[in-house]
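>
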Amino acid sequence: MGIFDGVAYGFSVALSPINIVYCFVGCLLGTIVGVLPGLGCAATMALLLPMTFNLEPTGALIMLSGIYYGAMYGGSTTSILFRIPGEVTSVVTCLDGYEMARKGRAGAALGICAIGSFFAGTVSVIGLSLFAPPLAEWALKFGPPEFFSLMMLGLSLVAFMGKGSLLKTIMMAGLGVLLGTVGLDPMTSVARYSFGSRNLLSGLDMVIIAMGMFGISEVFKMIEEPVRMEQMISVPKGFFSLLPNRQEWRDSTAPILRGSVLGFLVGILPGGGGIVATFLSYGVEKRISKHPERFGYGAIEGVASPEAANNSATTSNYIPLLTLGIPTNAVVAILLGGLMIHGITPGPLLLKLHPDMFWGLIASMYIGNAMLLIMNLPLVGIFARIVHIPSSITGPLITFICLFAAYGVNNSAFDILVMIVFGIFGYLMEKIGFEPAPLLLAFVLGPMIEVALRQSLGLSQGSFYIFISRPISAVTLSIAIFLLVAPPLAKVVRGWINEWRR
Amino acid sequence: MKGKTRFVCLALVTLLFILPLFGKATAADFSKGTVSFVVPYPPGGVTDAIARMFAQVFSKYIKQTTMVVNKPGAGTALGTLEVVNANPDGHTLGVFSNALLASQYVLPEPVDLKGLEPVALFNFDPNTIGVYEQLPFQSINDMVSFAQKNPKKLKVGIHSGTGTAHLYMVAFMKKAGIDAEANYIAFKGGGDAKAALAGGHIDVATDVFGVFRPLVDAKKVRILAVARERRHPLYPNVPTLKEQGYDISWGTFHGIFTTKGTPPEIIQILEKAIESTTKDKEFLSLMEKNQFPVEFRDLQKFKLFLKNEDKVYKEIATEVGLYPPKK
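Residue numbers (our numbering), protein chains in the order written: chain A, 18 to 519; chain B, 364 to 690.
1. Using a cut-off of 9 Å between C-beta atoms, extract the partners of A/F159 located in chain B.
2. To which residues of the same chain is A/N427 closer than 7 Å at the C-beta, ignoring the five residues directly before and after it?
3. Give the single residue among A/S306, A/C40, A/G19 and A/E235 whose Cα lies nearest to the Cα of A/L500.
4. Would DSSP call B/V657 helix, strand or coil?
5. If you scan the stretch 442-519 of chain A from start to end, which runs of the alpha helix (DSSP H) of 4 or more residues do you find wholly inside it?
6. Please decide whether A/L396 counts as near chain B, where near means a Cβ-Cβ distance under 7 Å.
7. Taking the runs of the beta strand (DSSP E) that are 3 residues or longer, which of them lie wholly in the stretch 131-156 of chain A?
8. Where in the stretch 568-620 of chain B do unbroken runs of the alpha helix (DSSP H), each at least 4 residues long, occur, reported from the N-terminal end onward?
9. Can you check the stretch 69-132 of chain A for any alpha helix (DSSP H) of at least 4 residues that lies completely inside it and give the ranges in chain order?
10. Helix or strand or just coil, what does DSSP make of B/T681?
11. Give a yes or no on whether 7 Å exceeds the smallest Cβ distance from B/N653 to chain C.
12. Given a threshold of 16 other Cβ atoms within 10 Å of its Cβ, counted over all protein chains shown, does A/L184 qualify as buried or as exposed?
13. Would you mind telling me which residues of chain A sit closer than 7 Å to B/K635, beta carbon to beta carbon, in chain order?
14. My guess is that B/S399 and B/T455 are in contact by the Cβ rule of under 8 Å, so how many angstroms apart are they, rounded?
15. Are B/A465 and B/T527 close, meaning C-beta to C-beta below 7 Å?
16. Anyone know if the C-beta pair for B/A510 and B/I541 falls short of 7 Å?
17. Under 7 Å, Cβ to Cβ, is there at least one residue of chain B near A/F177?
18. Is the Cβ of B/P471 closer than 7 Å to any Cβ of chain A?
19. For a contact defined as C-beta to C-beta under 9 Å, what are the partners of B/L530 on chain A?
20. Would you say B/G544 and B/P514 are within 7 Å of each other, going by their C-beta atoms?
21. By the 9 Å beta-carbon criterion, what residues does the stretch 61-73 of chain A contribute toward chain B?
22. Could you pull the start and end residues of the beta strand (DSSP E) that B/G493 belongs to?
23. How is A/M178 classed by DSSP in three states: helix, strand or coil?
24. Shortest alpha-carbon distance to A/G284 belongs to which of A/I226, A/G138 and A/C111?
25. Tell me, please, whether the stretch 476-491 of chain B touches the stretch 609-625 of chain B by the rule of three or more beta-carbon pairs shorter than 8 Å.
26. When the Cα atoms are used, what is the spatial distance from A/G450 to A/M189?
27. Taking the continuous alpha helix (DSSP H) assigned at A/M169, which residues delimit it?
28. Using a Cβ cut-off of 7 Å, which residues of the stretch 357-387 of chain A contact any Cβ in chain B, in chain order?
29. May I ask you to list, following chain order, the residues of the stretch 538-554 of chain B that have a beta carbon less than 8 Å from some beta carbon of chain A?
30. Rounded to whole angstroms, what is the Cα-Cα separation between B/I548 and B/A559?
31. Please say whether A/G443 and A/P453 have beta carbons closer to each other than 7 Å?
32. State the CB to CB distance for the pair A/E447 and A/S277, rounded to an integer number of angstroms; the pair is presumed to be in contact (CB under 8 Å).
33. Mind checking who B/N546 pairs with in its DSSP beta bridge?
34. Leaving out five residues before and five after A/A497 in sequence, what residues of the same chain have Cβ atoms less than 6 Å from its Cβ?
35. For B/D351, would you say it is in contact with chain A, using Cβ-to-Cβ distances shorter than 7 Å as the test?
36. Check whether the Cβ of A/A149 lies closer than 7 Å to any Cβ atom in chain B.
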């Protein structure tokens with residue numbers, strides 16, 4: 018079945034009334050789940066899995082998928098309004114999104130998120146339809162050395178994440194890497210930094226730390242300065258002032274494009290997927306921006322690109338899942354579980370044996386993205402006004418939500434304690450100019466880099482040459498080094514040229 | 364708050380605190396309530412999928428609602444503790460696998476299994492040895508002779524922190540005499556190892572049929588052998604390890620455990636319900652579609668099985684050097 022036939026067939030499946038209902042339910046649930054912090058889409062999908070037993074496999078998969086990418090749309094909402102990451106992938110949105118809200122541009126931020134996500138989602142579904150098998154092949158070429166180089170590229174961008182002093186940014190990153198080592202060594206199960214506590218054996222959870230350092234610390238700031246937002250921002254006049262203005266549109270176009278492509282490519286690779294994509298796209302945007310100093314203070318590129326990236330990555334996550342049965346992250350693993358429960362084996366035979374499921378799913382993604390855009394845009398107006406509620410009400414509300422959410426992530430009361438500790442820590446750190454974002458980025462990437470490094474050296478029997486001898490790894494490392502070295506090098510070279518001219 | 368409202372609030376709160384105190388179990392009481400199945404992994408994995416299929420059908424025979432609770436962390440320790448510390452009333456069941464036994468010898472602070480009461484086994488899936496398709500090995504002996512001639516060139520993937528695949532693979536390599544020549548690469552989980560094998564970054568790995576199936580279909584992996592007494596009925600072309608000279612029979616099992624101290628009558632009820640589930644058509648078809656074999660061993664046989672497995676794990680872990688674990 019050719020691609021266009023396939024897509025046409027897929028639409029005939031996806032547009033059946035019952036599948037449209039499943040799609041809608043999934044998207045709606047996803048949006049709600051994404052907006053509520055702590056209630057992760059993974060947990061929700063797991064809860065719904067038993068219910069899908071009695072449904073048609075295609076319908077079940079459509080609904081579960083709707084939850085997944087729906088959560089990506091909704092996750093940015095609390096990030097922008099309250100600086101609480103609704104989903105792990107929305108952490109980066111907290112950086113500039115919240116600052117935009119403080120300046121009264123919450124609506125613009127939310128609007129750009131919705132539209133950027135729609136664009137990215139659509140583009141990546143097209144990519145999925147056209148390029149799934151060759152891309153899966155390409156993704157398989159990524160072995161431990163390639164992952165190491167890619168993660169190092171990500172880590173090198175951490176230098177650009179902070180808005181303040183470079184030294185402080187690097188210090189926080191260092192601390193992040195250290196925190197990432199807490200728990201069982203992923204390869205030899207030796208306990209590290211667990212201090213005899215079983216709870217620490219599984220390590221610290223990124224969502225908990227993020228909620229603490231962003232959300233709880235923000236609450237402390239609210240207590241400190243009770244009268245801030247509502248006095249600083251004038252009440253918007255009319256609905257359209259809530260949407261992005263022309264300048265913001267113009268600024269966002271290229272970032273959304275870049276974010277979509279980057280997210281799509283990174284999402285195919287195992288491990289992290291969406292999270293790494295958001296960090297990478299934020300770093301890239303800041304790095305190539307003509308005015309990088311705006312980042313961290315409400316630059317819309319810093320919102321548009323990561324949001325596009327995480328939606329794009331969500332779709333491309335399906336490529337290794339459907340073609341090879343390889344789940345690239347925990348959420349996709351649930352989808353795999355769902356497939357298994359219905360007795361469907363992913364792989365090349367999926368296309369032959371269940372073309373209705375494959376193409377129906379892809380077509381439903383087009384439909385789902387459109388539905389989500391229609392669902393989210395009107396809500397922008399309502400949500401944007403939340404910013405004007407006095408902090409004496411939102412503060413306790415945020416605290417309440419965070420406390421519940423912290424428990425909900427892993428069914429662990431210990432996590433609540435961790436979140437509060439990091440909240441206090443984050444608040445104190447920010448007072449003296451140390452930002453949370455570099456710590457989080459390093460916390461996520463550190464363990465991945467460690468595992469990749471050890472595996473690579475195992476493969477090469479100890480030789481570091483393996484990172485250069487393999488083409489993909491060599492290219493990626495070169496880009497990383499170039500990104501790091503280029504600015505100071507350019508300065509030096511310019512200095513020489515000026516000297517020489519004189 | 365006004366006086367009356369305050370009183371009502373206080374009353375409600377007091378009630379909330381008193382409620383948990385009501386709850387002792389007898390066989391007569393057992394028929395009411397919910398049975399939870401604790402899975403010590405995050406949702407989406409093999410154990411999770413199997414547990415959900417099981418719970419779905421089990422509720423028919425136990426005549427209660429069932430639910431699956433994921434309690435990942437600390438190897439499998441947090442999930443295990445959840446069952447150990449639960450009320451011994453038969454409502455909290457654990458769906459545990461080999462990892463439970465392996466963790467005893469691999470984790471720095473394993474959970475004392477004396478707190479658990481095994482009930483029955485319902486699944487046993489033999490492991491297979493898969494190699495990257497583009498390698499020239501057509502049989503186990505091809506691979507073994509390659510390793511012997513080229514020390515440290517054979518890249519062997521091992522995975523999972525709790526070490527069952529790790530233990531099995533190393534035990535096999537030792538039996539084949541190529542333990543010293545193998546280059547072991549550790550992965551965080553089966554999924555990562557699968558991806559690395561499919562991409563040819565490692566040469567060989569072990570897992571169950573169901574996991575390798577999509578890769579075999581995609582011509583990325585070739586299965587050289589299955590660790591079973593006789594050939595697998597669904598894969599008659601795959602020779603057993605025994606046929607190729609290695610008398611090893613091992614696999615992934617899943618069994619139901621509950622809290623120590625649960626009254627024997629309740630355990631009997633559970634055991635009977637598990638047996639009925641394993642004979643249920645719906646369950647069998649669900650498992651078969653995913654290529655998960657169903658096998659029932661009752662309480663006594665299960666206990667014996669566990670004792671034997673435990674001995675094997677201890678031996679291998681000591682030999683490999685994982686036990687006693689370095690603190």
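C-beta atoms are modelled at their ideal positions from N, C-alpha and C, and glycine is treated no differently.
Let's see:
1. By 1-based counting over the first sequence, the position of residue 159 of chain A is 142. Correct list: A558, G562 and H564.
2. Walking along the first sequence from the start, residue 427 of chain A turns up at place 410. Correct list, in chain order: D222.
3. Translated into positions along the first sequence, residue 500 of chain A becomes position 483. Among A/S306, A/C40, A/G19 and A/E235, the Cα nearest to that of A/L500 is on A/S306.
4. To locate residue 657 of chain B, count along the second sequence from 1; it is residue 294. Here B/V657 sits in strand by DSSP.
5. 453-476, 483-486 and 488-518
6. Position 379 of the first sequence, counted from the first residue, corresponds to residue 396 of chain A. No, no contact with chain B.
7. none
8. 572-580
9. 74-99 and 108-119
10. Position 318 of the second sequence, counted from the start, is the residue given in the question as residue 681 of chain B. Helix, per DSSP.
11. Of the protein chains in this structure, namely A and B, none is chain C.
12. One-based indexing of the first sequence puts residue 184 of chain A at position 167. Counting Cβ neighbours within 10 Å, A/L184 comes out exposed, since fewer than 16 surround it.
13. On the second sequence, residue 635 of chain B is found 272 positions in, with the first residue counted as 1. Residues of chain A passing the Cβ test: none, with the nearest at roughly 23 Å.
14. Your numbering for residue 399 of chain B matches position 36 in the second sequence. Your numbering for residue 455 of chain B matches position 92 in the second sequence. Their Cβ separation, rounded to whole angstroms, is 6 Å, which keeps B/S399 and B/T455 in contact under 8 Å.
15. Here residue 465 of chain B is taken as the residue at index 102 of the second sequence, counted from 1. Here residue 527 of chain B is taken as the residue at index 164 of the second sequence, counted from 1. It is a contact, given that the beta carbons lie within the stated cut-off.
16. Looking up residue 510 of chain B in the second sequence gives position 147. Looking up residue 541 of chain B in the second sequence gives position 178. For B/A510 and B/I541, yes; Cβs fall inside 7 Å.
17. Locating residue 177 of chain A in the first sequence gives position 160, counting from the first residue. Cβ-Cβ to chain B under 7 Å: no for A/F177.
18. The residue given as residue 471 of chain B occupies position 108 in the second sequence. With 7 Å as the cut-off, B/P471 counts as an interface residue toward chain A.
19. Residue numbering aside, residue 530 of chain B sits at position 167 when the second sequence is read from its first letter. Simply none; closest approach about 12 Å.
20. What you label residue 544 of chain B is simply residue 181 of the second sequence in a count that begins at 1. What you label residue 514 of chain B is simply residue 151 of the second sequence in a count that begins at 1. Rather than Gly, the amino acid found at residue 544 of chain B in this sequence is Glu. A contact, by the Cβ cut-off of 7 Å.
21. M62, A63, L64, L66, P67 and F70
22. As a first step, residue 493 of chain B must be located in the second sequence, where it is residue number 130. For B/G493, the uninterrupted beta strand (DSSP E) run begins and ends at L479 to Y495, by DSSP.
23. For the purposes of this step, residue 178 of chain A is taken as residue 161 along the first sequence, with counting starting at 1. Three-state result, A/M178: coil.
24. Within the first sequence, the letter at position 267 stands for residue 284 of chain A. Distances from the CA of A/G284 to each of A/I226, A/G138 and A/C111 were compared; the closest alpha carbon is that of A/G138.
25. yes
26. Taking the first sequence and counting its residues from 1, one reaches residue 450 of chain A at position 433. Taking the first sequence and counting its residues from 1, one reaches residue 189 of chain A at position 172. If you take the alpha carbons of A/G450 and A/M189, they lie about 10 Å apart.
27. The count along the first sequence starts at 1 and reaches residue 169 of chain A at position 152. Its alpha helix (DSSP H) spans residues P161 to S173.
28. M357, I358, G360, T362, P363, G364, P365 and L366
29. N546, Y547, I548, A549, F550, K551 and G554
30. As a position in the second sequence, residue 548 of chain B is number 185, starting the count at 1. As a position in the second sequence, residue 559 of chain B is number 196, starting the count at 1. In a straight line, the C-alpha of B/I548 is about 10 Å away from that of B/A559.
31. On the first sequence, residue 453 of chain A is found 436 positions in, with the first residue counted as 1. On the first sequence, residue 443 of chain A is found 426 positions in, with the first residue counted as 1. Yes, the pair counts as a contact, with Cβ atoms nearer than the cut-off.
32. Counting from one through the first sequence, the residue named residue 447 of chain A turns up at place 430. Counting from one through the first sequence, the residue named residue 277 of chain A turns up at place 260. Not quite, the Cβ-Cβ distance comes to about 32 Å (not below 8 Å), so this is no contact.
33. Residue mapping note: residue 546 of chain B aligns to position 183 of the second sequence, counting from 1. B/K518, per the DSSP bridge assignment.
34. On the first sequence, residue 497 of chain A is found 480 positions in, with the first residue counted as 1. Hits under 6 Å: M169, L170 and S173.
35. Nothing about residue 351 of chain B can be reported from this structure: the residues present for chain B run from 364 to 690 only.
36. Position 132 of the first sequence, counted from the first residue, corresponds to residue 149 of chain A. It does not: the Cβ of A/A149 has no partner Cβ on chain B nearer than 7 Å.
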